[in-house]
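These notes concern the structure reproduced below.
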Amino acid sequence: MLSCTEPASRFADAFLLGDGSLGVTVAGAVGEETFDLNADTLWSGGPVGPRTDAGAADVLPALRAAVAAGDHHRADDLARRLHASGWTESYQPVGRLTWRYAAEGPEAGVSDYVRELDLARAVASTRYRRGGQDHRLESFVAPGAGVLVGVAAAGTAAPSVGFSSPHPLLVQEVHEVPEGTLLLAAGRVPATVVPNYVADDDPVRYADDDPDADGTVARGSGFAVAALVHSTGGEVRLTATVVTGFRGWRERPLGAVEPLLAQARERVLAAAGEATALLRERTEQEHRSRFDRVELAVEAVPGHERDVAVAEQLFDLGRYLLIASSRPGTQPANLQGIWNVDVRPGWSSNYTTNINLPMNYWAAETTALADLHAPLFDLALDLAQAGAETARLDYGARGAVVHHNTDVWRFTRAVAGRPLWSNWPSALPWLAAHTYDHLDFSSAGTDFATRVAIPVHRAAAAFALDLLVPDADGALVPSPSTSPENTFLLPDGSQAAVTAGSTMDRELLREVFTHYLELLAGHGGGPDDEDLAAQVRAALDRLALPAVLDGVLQEWDPGKGSAEPGHRHVSHLYGVFPGTRVTARRSPDVLDAAAAALDERLGHGGGHTGWSRSWVLCLAARFGDGARAEEHLRVLAADLTSESLMDLHPHEGWPGNAIFQIDGNFGAVAGIAETLLQGHDGVLDLLPALPPSWVAGRVSGLRARGGHVVDLEWSGSALRRARIVAGRDGDLRVSVRGTGTDAVTVSLHGEVLPGGASVGFPARGGTEYVLDVVTA
Numbered sequence: 001m002l003s004c005t006e007p008a009s010r011f012a013d014a015f016l017l018g019d020g021s022l023g024v025t026v027a028g029a030v031g032e033e034t035f036d037l038n039a040d041t042l043w044s045g046g047p048v049g050p051r052t053d054a055g056a057a058d059v060l061p062a063l064r065a066a067v068a069a070g071d072h073h074r075a076d077d078l079a080r081r082l083h084a085s086g087w088t089e090s091y092q093p094v095g096r097l098t099w100r101y102a103a104e105g106p107e108a109g110v111s112d113y114v115r116e117l118d119l120a121r122a123v124a125s126t127r128y129r130r131g132g133q134d135h136r137l138e139s140f141v142a143p144g145a146g147v148l149v150g151v152a153a154a155g156t157a158a159p160s161v162g163f164s165s166p167h168p169l170l171v172q173e174v175h176e177v178p179e180g181t182l183l184l185a186a187g188r189v190p191a192t193v194v195p196n197y198v199a200d201d202d203p204v205r206y207a208d209d210d211p212d213a214d215g216t217v218a219r220g221s222g223f224a225v226a227a228l229v230h231s232t233g234g235e236v237r238l239t240a241t242v243v244t245g246f247r248g249w250r251e252r253p254l255g256a257v258e259p260l261l262a263q264a265r266e267r268v269l270a271a272a273g274e275a276t277a278l279l280r281e282r283t284e285q286e287h288r289s290r291f292d293r294v295e296l297a298v299e300a301v302p303g304h305e306r307d308v309a310v311a312e313q314l315f316d317l318g319r320y321l322l323i324a325s326s327r328p329g330t331q332p333a334n335l336q337g338i339w340n341v342d343v344r345p346g347w348s349s350n351y352t353t354n355i356n357l358p359m360n361y362w363a364a365e366t367t368a369l370a371d372l373h374a375p376l377f378d379l380a381l382d383l384a385q386a387g388a389e390t391a392r393l394d395y396g397a398r399g400a401v402v403h404h405n406t407d408v409w410r411f412t413r414a415v416a417g418r419p420l421w422s423n424w425p426s427a428l429p430w431l432a433a434h435t436y437d438h439l440d441f442s443s444a445g446t447d448f449a450t451r452v453a454i455p456v457h458r459a460a461a462a463f464a465l466d467l468l469v470p471d472a473d474g475a476l477v478p479s480p481s482t483s484p485e486n487t488f489l490l491p492d493g494s495q496a497a498v499t500a501g502s503t504m505d506r507e508l509l510r511e512v513f514t515h516y517l518e519l520l521a522g523h524g525g526g527p528d529d530e531d532l533a534a535q536v537r538a539a540l541d542r543l544a545l546p547a548v549l550d551g552v553l554q555e556w557d558p559g560k561g562s563a564e565p566g567h568r569h570v571s572h573l574y575g576v577f578p579g580t581r582v583t584a585r586r587s588p589d590v591l592d593a594a595a596a597a598l599d600e601r602l603g604h605g606g607g608h609t610g611w612s613r614s615w616v617l618c619l620a621a622r623f624g625d626g627a628r629a630e631e632h633l634r635v636l637a638a639d640l641t642s643e644s645l646m647d648l649h650p651h652e653g654w655p656g657n658a659i660f661q662i663d664g665n666f667g668a669v670a671g672i673a674e675t676l677l678q679g680h681d682g683v684l685d686l687l688p689a690l691p692p693s694w695v696a697g698r699v700s701g702l703r704a705r706g707g708h709v710v711d712l713e714w715s716g717s718a719l720r721r722a723r724i725v726a727g728r729d730g731d732l733r734v735s736v737r738g739t740g741t742d743a744v745t746v747s748l749h750g751e752v753l754p755g756g757a758s759v760g761f762p763a764r765g766g767t768e769y770v771l772d773v774v775t776a
């Protein structure tokens with residue numbers, strides 16, 4: 001439960017409701033509530049369409065030659081010739097519903113005010129006392145019905161509803177209908193929106209064309225809002241919805257608003273005919289069917305109660321937000337999930353693929369929300385198709401390429417901008433990793449590998465092969481290559497971004513090649529896979545590993561120091577997390593070098609944004625350092641979240657000088673889960689990085705690679721019991737190092753197992769195994 005004692009004064013302090021498609025921001029105002037509306041498919045622009053230019057592949061030989069010669073300034077200049085003339089489009093607000101549900105009165109007369117977001121029930125509420133009368137408003141978004149429902153006790157004032165939009169409205173009218181008072185509004189979003197970080201004299205441009213005979217337009221989708229205020233059973237209720245003209249990423253959207261209005265009206269009137277209690281009950285049941293899969297309860301050491309309580313709230317809030325913003329059949333959660341109030345939102349509120357989009361789904365598998373991963377897989381499969389043209393025209397390459405961001409229209413080119421962020425070509429391998437994990441966690445359906453995972457890996461691997469060049473030692477490295485949003489120093493003190501074989505690209509290419517071959521071995525492939533797989537095997541043997549210099553993992557080749565040592569991205573540590581190549585068991589020396597690299601980054605002020613601190617939290621957990629994990633979690637909660645615990649990215653010019661970015665919330669969930677359970681290297685590590693202040697507690701429902709479901713109980717900062725439901729047949733090895741000692745005795749259903757800190761036993765899928773720590 002989140003609780004605040006004042007209405008939200010800015011977007012980042014509000015409460016968020018959603019069903020994956022309809023997003024609602026609730027401020028908790030007194031007497032007159034505001035609901036900011038969003039729909040996951042309402043974006044500026046329209047389909048990208050086939051290109052008519054010749055592309056920039058002819059630039060690649062000169063660009064690679066410049067990199068090989070060490071002329072990185074020329075490489076940066078040539079890299080700009082790969083840029084598109086524009087950018088991704090922007091996620092758009094619909095507008096604001098204003099509902100007066102209680103009689104007006106002096107603000108000073110309000111007492112006992114509290115607003116709450118019940119994370120377990122998916123219901124927001126506002127209650128207060130004024131003029132001797134108690135007031136209460138509840139609101140929720142009803143899945144299936146696709147509507148916002150607001151409910152208040154019937155009062156003396158006649159309820160009213162209004163709507164305003166930042167977009168020009170083509171329709172805005174109110175009708176008295178048998179069911180109550182019906183508001184209808186409709187308009188079109190911009191044909192294009194220039195990102196907030198680009199100076200432009202005319203950044204928001206609306207189309208003035210009429211829809212074609214079929215109602216479609218090239219750019220600038222239509223939208224419609226319907227809101228009904230009606231009385232029922234001694235209460236007054238608002239029922240509202242949003243419909244957009246989006247018809248698919250390749251399809252022209254509907255610009256004609258009449259059919260959208262008819263659909264919105266029909267949806268609202270249908271939902272209005274259902275009892276409030278029934279809609280609320282369905283909403284709670286549907287939400288709890290996912291939310292209750294995992295439960296975390298922690299007891300703190302004295303003096304740390306507040307920090308631990310907030311950590312639990314962050315864990316619950318992050319899982320709540322994923323349920324609210326990503327459902328099968330919807331678009332993936334974007335930079336702000338599905339909530340946004342700005343026509344020019346921060347970074348277009350798009351899908352930033354070089355960290356933010358993948359981070360949104362880091363906790364999907366581990367915290368039992370694997371079904372909510374589906375929209376990301378749909379996006380990855382779309383991009384494997386959409387990026388083929390970009391690969392062919394701009395790189396002369398096979399497969400598909402996606403750069404540092406994309407949108408609902410599946411934009412894949414390098415955007416107009418600076419090479420340090422525009423020219424990163426490795427988004428598709430990162431998204432492919434999520435499809436592999438879905439299988440590795442035994443979450444996938446029977447055809448997922450052949451329908452999604454292998455096609456995405458095939459496209460990513462084919463492009464990666466054509467990106468490789470031999471370095472001076474004959475090893476293969478990708479060229480051109482950048483480390484997301486960072487630059488390196490040249491001997492003369494100047495900066496550059498484009499080189500060959502950044503550490504992150506080396507990690508991603510090795511991972512996508514390895515996973516592609518494993519998928520083919522386990523699931524078979526198509527007629528084109530045999531030859532491609534042979535090429536991948538040959539290349540994999542020659543791939544250059546990341547460099548280590550003086551015990552520190554390097555971000556680029558040795559000698560290329562970071563121009564910003566405290567940079568917010570820690571991309572060169574991908575192999576530690578979210579990757580699994582660098583582990584204590586497999587490569588302890590490299591893990592130590594990665595830890596030294598993180599120390600270097602943090603020592604210069606790294607982790608200063610919410611999402612960056614969340615990544616650092618995940619890394620601390622992988623390093624097995626519970627104390628550092630706890631400290632990063634504390635800093636995240638205390639300094640980089642809003643009143644309602646929404647993750648913040650410091651940014652001047654926004655309310656409170658910060659922008660909400662949801663990936664930090666999701667990354668926090670992933671980091672907390674990693675402190676309690678890890679499952680790589682074929683071992684279940686129990687409490688591998690337990691925060692020291694979490695002296696006792698329990699967690700149920702966590703999932704690990706192999707599909708194992710794990711419940712844990714601990715006290716005195718030591719593991720006491722583990723319940724494991726095996727996900728598959730085979731030997732199961734469990735590490736119980738999280739007991740505060742290196743040697744323990746464990747019993748399995750009363751049978752004492754030999755083996756100190758690590759025990760193994762044959763397991764059968766679906767069978768429950770209970771391990772008790774006997775001595776420590």
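Going by our numbering, the letters in the sequence shown line up with residues 1 to 776, in that order.
All C-beta atoms, glycine included, are put in the ideal place defined by N, C-alpha and C.
Since we're looking at a predicted model, the values are computed, not measured.
Cβ pair T367, L690 closer than 8 angstroms
no
Touch check for the region 636 to 654 and the region 597 to 614: three-plus C-beta pairs under 8 angstroms?
yes
Can you give me the Cβ contacts of L182 inside the same chain, cut-off strictly under 6 angstroms, excluding the 5 residues immediately before and after it?
H175, L228
Exposed or buried, N196, counting other C-beta atoms within 10 Å across all chains shown (16 or more means buried)?
buried
Apply the 10 Å Cβ neighbour rule to R446 and answer buried if 16 or more other Cβ atoms are within range, or exposed otherwise.
Reading off the sequence, residue 446 comes out as Thr, not Arg. So T446 ends up on the exposed side.
Helix or strand or just coil, what does DSSP make of A226?
strand
I'd like the list of long-range same chain contacts for H304, defined as Cβ closer than 8 angstroms, with 5 residues on each side in sequence excluded.
S693
Of the residues L517, A103, G220, P527, the one placed nearest L806, counting alpha carbons only
Any property of residue 806 remains undetermined from this structure, which presents the chain solely from 1 to 776.
How about H73 and A496: do their beta carbons lie closer than 8 angstroms?
yes
Work out the CA separation of V236 and V298 for me, nearest whole Å.
40 angstroms
First and last residue of the uninterrupted beta strand (DSSP E) at W430
Looking at the DSSP string, W430 is not in any beta strand (DSSP E); the run it does join, the alpha helix (DSSP H), is 427 to 440.
Could you pull out every residue in the same chain whose Cβ sits closer than 6 angstroms to the Cβ of G215, ignoring the five residues on either side in sequence?
L254, A256
Spatial neighbours of A66 within its chain, please: C-beta separation below 7 angstroms, excluding the five flanking residues on both sides.
R74, A75, L78
Could you compute how far the alpha carbon of S395 sits from the alpha carbon of F163?
It should be pointed out that residue 395 corresponds to Tyr in this sequence rather than to Ser. Taking the straight line from one Cα to the other gives about 48 angstroms.
Boundaries (first-last residue) of the beta strand (DSSP E) holding S139:
133 to 142
May I ask you to list the residues that DSSP assigns as paired with E299?
A696
Would you say T244 lies against chain B (beta-carbon separation less than 8 angstroms)?
Of the chains in the structure shown, none is chain B; there is only one protein chain.
Give the secondary structure of R290 by DSSP, where H, G and I count as helix, E and B as strand, and everything else as coil.
helix
Cα-Cα separation between D742 and L676, rounded to whole angstroms
Interpretation of D742 is limited by its pLDDT of 49, a score under 50 that renders its predicted location unreliable; the figure taken from the coordinates is listed afterwards. Cα-Cα distance, rounded: 17 angstroms.
Check the DSSP bridge columns for N334 and list the partner residues they point to.
G337
Short check: CB of F377 to CB of R705, under 8 angstroms?
no
Where does H649 fall in DSSP's three states?
strand
Whole angstroms are fine: how far does the CA of A199 sit from the CA of G20?
33 angstroms
Please check the pair A722 and A763, which I expect to be a contact at CB under 8 angstroms, by giving their CB distance rounded to whole angstroms.
The pair is not a contact, with the Cβ atoms about 13 angstroms apart (cut-off 8 angstroms).
Can we say the region 204 to 213 touches the region 282 to 289, given the rule of at least three CB pairs closer than 8 angstroms?
no
Range covered by the alpha helix (DSSP H) that runs through R537:
529 to 540
Determine, using beta carbons only, whether A594 and L553 come nearer to each other than 8 angstroms.
yes
How would you write the range of the beta strand (DSSP E) that I659 sits in, first residue to last?
658 to 660
So, G220 versus A240, is the Cβ gap smaller than 8 angstroms?
no
Looking only at its chain, what residues have a beta carbon closer than 8 angstroms to the beta carbon of G740, apart from the 5 residues adjacent to it on each side?
Residue placement at G740 is flagged as unreliable, the pLDDT there being 48, under the threshold of 50; the coordinate-derived value follows with that caveat. Once the five neighbours on either side are set aside, the close Cβ partners of G740 are G716, S717, A718, A776.
State the start and end residues of the unbroken beta strand (DSSP E) segment that holds T126.
123 to 130
I'd like to check one pair, A414 with A57: are the Cβ atoms closer than 8 angstroms?
no
Would L260 and G245 be called neighbours here (beta carbons separated by less than 8 angstroms)?
yes
Helix, strand or coil at W362 according to DSSP, with G and I counted as helix
coil
Within the same chain, show all residues whose beta-carbon is closer than 8 angstroms to that of R293, passing over the 5 residues directly before and after it, in chain order.
T367, A368, L369, G701
Tell me which same chain residues have a C-beta within less than 6 angstroms of the C-beta of A226, skipping the five on either side of it?
L184, T241, A264, R265, V268
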